[in-house]
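Undergrad:
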Amino acid sequence: PLPASVKIIEVGPRDGLQNEPQTISAETKIELVNRLSQAGFANVEAASFVSPKWVPQMATSSEVMAGITRRPGTLYSALVPNMKGFEAALAAGVDEVVIFAAASEAFSQKNINCSIAESIARFRDVAQAAKQHNLRLRGALSCAFGCPYQGEVTADSVADVVRQLRELGCDEIDIADTIGVATPRHVQTVMQRAIEEFPIDRLSGHFHDTYGQALANIYASLEVGITIYHASVAGLGGCPYAKGATGNVATEDVLYMMQGLGIETGIDFDIVVDAGQFISEQLGRKAVSRAGNAIAAK
Ligand code: HMG
Ligand code: MG
6 PLPASVKIIE VGPRDGLQNE PQTISAETKI ELVNRLSQAG FANVEAASFV
56 SPKWVPQMAT SSEVMAGITR RPGTLYSALV PNMKGFEAAL AAGVDEVVIF
106 AAASEAFSQK NINCSIAESI ARFRDVAQAA KQHNLRLRGA LSCAFGCPYQ
156 GEVTADSVAD VVRQLRELGC DEIDIADTIG VATPRHVQTV MQRAIEEFPI
206 DRLSGHFHDT YGQALANIYA SLEVGITIYH ASVAGLGGCP YAKGATGNVA
256 TEDVLYMMQG LGIETGIDFD IVVDAGQFIS EQLGRKAVSR AGNAIAAK
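Anchor point for the sequence shown: position 294 equals 299 in the UniProt record's numbering, and the numbering is continuous, going up by one each time.
#1: Going by C-alpha to C-alpha distance, which of I300, Q197 and G230 sits closest to V11?
#2: Please identify the residue among T65, I284, V102 and I223 whose C-alpha is closest to the C-alpha of L142.
#3: Between which two residues does the beta strand (DSSP E) harbouring A143 extend?
#4: Take Q282 and list the residues in its own chain whose beta-carbon comes closer than 8 Å to its own, dropping the five residues that flank it on each side.
#5: Using 8 Å as the threshold, is the segment 177-192 in touch with the segment 124-131, meaning 3 or more CB pairs across them?
#6: Which same chain residues, not among the five before or five after Y224, have their C-beta less than 8 Å away from its C-beta?
#7: May I have the straight-line CA-CA distance separating G267 from A135, to the nearest angstrom?
#8: In the DSSP output, what is S82 paired with across the bridge?
#9: Less than 8 Å between the CB atoms is what I'm expecting for V69 and A236, so what's the real figure, rounded?
#10: Are the Cβ atoms of A149 and V85 separated by less than 9 Å?
#11: Along the alpha helix (DSSP H) that carries Y261, what are the first and last residues, could you check?
#12: Just to confirm, does N118 get its C-beta within under 8 Å of one of the non-hydrogen atoms of the ligand HMG?
#13: Do I184 and H213 count as a contact pair if the criterion is CB distance below 9 Å?
#14: Under 8 Å by Cβ, that's how I've got C152 and A106 pegged, so tell me the actual separation to the nearest angstrom.
#15: Based on the DSSP secondary-structure assignment, which residues constitute the bridge partners of I233?
#16: In terms of alpha-carbon separation, which member of L227, S67, E201 and G98 lies closest to H138?
#17: Please state if the CB of D176 and the CB of R198 are separated by a distance shorter than 9 Å.
#18: To the nearest angstrom, report how far apart L173 and R76 are at their CA atoms.
#19: Rounded to whole angstroms, what's the CA-CA distance from S147 to A94? Just pull it up for me.
#20: Within a Cβ cutoff of 7 Å, which residues of the same chain sit near S124, ignoring the five residues on either side of it in sequence?
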């Protein structure tokens, strides 16, 4: 049987907006996060304390964190690549820091300018500091199903980095299809391998929809027993270091599928649809979400 309930992590304000070439004001980002909080997400990825030279759009992260209205019951997460990022995240009052490694050496170099081993060494300090300050620690694992620079990525290399992230003390680990190339059976093979290294109830699926496979991949992961999924409102996004990659699977589409499957999410669908229409208007384009657009057109 499929799980009775799942946790959806809304990553639109971070993964979704980080790649936007147009300047988005902190006010708009704050309003987006607030709307998502109201929808009832247990976790919103709201910020990223990375180098503004590398990802200019996230330069307003401190301002965004300071401006949002925090909903009790929602954790606000931020990406943190090193201690400099950690200090900023701590000062901004994030609830959860996300360290981000890759299953591919080539992607690690392009994305964070160091090898996988160097990144793990860097993350050790961040992990320790997070524990000291009682912050939750999440580990993202990019390119778990394929890499834009080196091509194939094996399930063993995923398992290898999952083990290292576990050793750093991650509370949760994200298996990410950065470039959206995975298909359902491949997803099941990699998830089964990851489960051997980390508790299944703390592993998540982070699927980009570049090849239109994300919902199928989520369903495949549900069959394996994965209960945490990342999604991006209005299907916002793309990764600045993965050319051509589209956004994460749209949150509205995931919610629609979960509703149909009778799987509890605890999220108010209508508020998410409105949030998706709001941010799409701000960006001056139509939302990518199919379900969101269908409901909004009614
Ligand atoms: P570097 O150039 O090797 O770092 O970048 P550095 O330590 O030599 O520092 C260079 C400059 O950056 C210095 O400034 C530092 O102070 C500054 P300068 O002296 O030149 O004026 N700096 C910082 N500033 C603010 N915050 C910081 C910070 N660190 C250094 N934290 C670094 C290394 C990791 C910093 C850089 O490569 C970087 O920021 N990369 C981030 C890339 C990124 O954000 N990618 C997108 C997120 S990952 C993703 O989307 C995938 C995911 O969604 C899952 C999936 O789909 O796969 C998570
Ligand atoms: Mg991503």
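All C-beta atoms, glycine included, are put in the ideal place defined by N, C-alpha and C.
TA: On the basis of the coordinates in this document:
#1: Closest by alpha carbon: G230.
#2: When the alpha-carbon of L142 is set against those of T65, I284, V102 and I223, the nearest one is in V102.
#3: For clarity, residue 143 is Arg in the given sequence; the question names Ala instead. From DSSP, the beta strand (DSSP E) with R143 extends over R141 to S147.
#4: Excluding residues up to 5 positions away in sequence, A239, A292, G297 and A301 lie with their Cβ nearer than 8 Å to the Cβ of Q282 in the same chain.
#5: As far as the Cβ criterion goes, the segment 177-192 does not touch the segment 124-131, which means the pair count is below three.
#6: Around Y224: P189 and M262.
#7: Straight-line Cα distance between these residues: approximately 36 Å.
#8: Residue pairing for S82: DSSP places it in a beta bridge opposite E50 and E101.
#9: Here V69 is actually not in contact with A236; their C-beta atoms are around 19 Å apart, not less than 8 Å.
#10: Not closer than 9 Å, so no.
#11: Counting along the chain, the alpha helix (DSSP H) containing Y261 begins and ends at T256 to L266.
#12: Relative to the ligand HMG, N118 has its C-beta within less than 8 Å of a heavy atom.
#13: Yes, Cβ-Cβ distance for H213 and I184 is below 9 Å.
#14: C152 to A106, Cβ: 13 Å. No contact.
#15: I233 pairs with K12 and S209.
#16: Minimum Cα distance to H138 is reached at G98.
#17: The answer is no: Cβ separation not under 9 Å.
#18: Rounded to whole angstroms, L173 to R76 spans 29 Å at the Cα level.
#19: If I take the Cα positions, the gap works out to 21 Å.
#20: A106, S113 and I117, listed in sequence order.
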